[in-house]
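Enquirer:
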Ligand code: SF4
């Protein structure tokens, strides 16, 4: 058994150890027990070691909260993944790519998970569903990009994962394989040299990982990401905007800068989905726009993810931008920069507007 598997086996799944470590009250213990009878808990020893105190941003992501059971409006499947699944565990929403779930386990059950209806629960992944998914991909020649997800595909052993990658690589129209995984953050020991050696046989292969808070970037998680990058695997990160965890510009800026430092490209910042049991994490959309505005221009564009709402009802990802566009007229496009100053990008024939204004004023005032 490998070290990551031993760590996983030592995960806490009941509140007793938490109670000892963090001096929980009887009421808190009872509440956690109630929540985990519906939504399971798993906190492996590594992620547990990142919790510094009760209620901190790491705690909030990992420890069940009674609010999970008091969510009147959430939906089991807010993105309508099941409706858009022609075969079990495969969602075909966009023209040229599919989401293919190949594992039902994770190294930690995140309290805000969009697939709360599935992870660690009745979600069935087995050889048969994987085979059906592969056959579907083979039949659909328009699919050029396959995103393996779950659960976490990297909770499969190398011996379980490799035949899936191998089968995908044999399908000529599949150009890109992506793996969506949170283990570089939640159980970095899983990113072994042996795994990276195996993954690099299946290029072009990308990894999308998931960090939400600067405290998740540790020596171990940095090493895991660097190991992947050193195997020639581009690593991107998705982050979920979570109330009480990362809903301020300073935290998000530190996170994004630290990610880039460990050679991980911030890719998406997601507005929280309307998943049942997660509404206590939701912020106003204005908060996300404020954060993006506080990043853009104030730090390198490399550190700025796309801010996305995954449309409820299965509409797919919709990008949102703060208001940099003011108006468009016959002269050109009137735009605002990160400092709130106004500029024109002229239409052909109106270039003099830029020069005229440059001589008198570095920016054009409306
Ligand atoms: S690792 Fe991903 S799929 Fe698993 S519980 Fe966390 S957010 Fe959900």
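Numbering (our numbering), first residue to last: 43 to 408.
Yeah, the Cβ is synthetic: ideal placement off N, Cα and C, and Gly gets one too.
Fair warning: this is a prediction, and the values are worked out from it, not measured in the lab.
Does the ligand SF4 have even one heavy atom less than 7 Å from the beta-carbon of residue 150?
Expert: The residue you call residue 150 lines up with position 108 of the chain shown. Yes, the beta carbon of residue 150 sits closer than 7 Å to at least one heavy atom of the ligand SF4.
Enquirer: Residue 279 lies in the beta strand (DSSP E); which residues open and close that run?
Expert: The residue labelled residue 279 in the question sits at position 237 within the chain shown. 277-282 is the extent of the beta strand (DSSP E) around residue 279.
Enquirer: Can you tell me which of 49, 120, 76, 283 puts its alpha carbon nearest to the alpha carbon of residue 86?
Expert: Here residue 86 refers to the residue found at position 44 when the chain shown is read from its first residue. Out of 49, 120, 76, 283, 49 has the C-alpha closest to the C-alpha of residue 86.
Enquirer: Counting only the same chain and skipping the five closest in sequence on each side, list residues whose C-beta sits under 8 Å from that of residue 345.
Expert: For the purposes of this step, residue 345 is taken as the residue at position 303 of the chain shown. Within the same chain, residue 345 has close Cβ partners 295, 298, 299, 301, 302, 308, 337.
Enquirer: Need the endpoints of the beta strand (DSSP E) that residue 249 sits in, please.
Expert: Against the chain shown, residue 249 aligns to sequence position 207. Looking at the DSSP string, the run of the beta strand (DSSP E) that includes residue 249 is 247-252.
Enquirer: From what residue to what residue does the alpha helix (DSSP H) around residue 58 run?
Expert: Here residue 58 is taken as the residue at index 16 of the chain shown, counted from 1. Going by DSSP, residue 58 is part of the alpha helix (DSSP H) stretching over 58-64.
Enquirer: Are there three or more Cβ pairs, one per stretch, closer than 8 Å when the region 128-142 is compared with the region 168-176?
Expert: yes
Enquirer: Could you check what DSSP says for residue 200 in three-state terms: helix, strand or coil?
Expert: Position 158 of the chain shown, counting from 1, holds the residue named residue 200. Helix at residue 200.
Enquirer: Taking only the alpha-carbon atoms, compute the straight-line gap between residue 58 and residue 136 and give it to the nearest angstrom.
Expert: Position 16 of the chain shown, counted from the first residue, corresponds to residue 58. Position 94 of the chain shown, counted from the first residue, corresponds to residue 136. So the two alpha carbons sit approximately 44 Å from each other.
Enquirer: Mind listing, in chain order, the continuous alpha helix (DSSP H) runs of no fewer than 4 residues lying wholly within the region 284-319?
Expert: 291-303
Enquirer: Where residue 293 and residue 285 are concerned, what is the direct C-alpha to C-alpha distance, given to the nearest angstrom?
Expert: Taking the first residue of the chain shown as 1, we reach residue 293 at position 251. Taking the first residue of the chain shown as 1, we reach residue 285 at position 243. Rounded to the nearest whole angstrom, the CA to CA distance from residue 293 to residue 285 is 12 Å.
Enquirer: If you draw a straight line from the C-alpha of residue 168 to the C-alpha of residue 241, how long is it?
Expert: In the chain shown, the residue the question calls residue 168 occupies position 126. In the chain shown, the residue the question calls residue 241 occupies position 199. When rounded, the distance between both Cα atoms is 21 Å.
Enquirer: Which of the three DSSP states, helix, strand or coil, is assigned to residue 182?
Expert: Taking the chain shown and counting its residues from 1, the one referred to as residue 182 is at position 140. In the structure shown, residue 182 sits in coil (DSSP, three-state: anything other than H, G, I, E or B).
Enquirer: Is any heavy atom of the ligand SF4 found at a distance shorter than 7 Å from the C-beta of residue 224?
Expert: Numbered from its first residue, the chain shown carries residue 224 at position 182. The closest heavy atom of the ligand SF4 lies less than 7 Å from the beta carbon of residue 224.
Enquirer: From the DSSP secondary-structure annotation, give me the bridge partner or partners of residue 188.
Expert: As a position in the chain shown, residue 188 is number 146, starting the count at 1. DSSP output for residue 188 lists 140, 219 as bridge partner(s).
Enquirer: When we look at the beta-carbon of residue 229 and count the other beta-carbons within 10 Å, is it buried (16 or more) or exposed?
Expert: One-based indexing of the chain shown puts residue 229 at position 187. It counts as buried.
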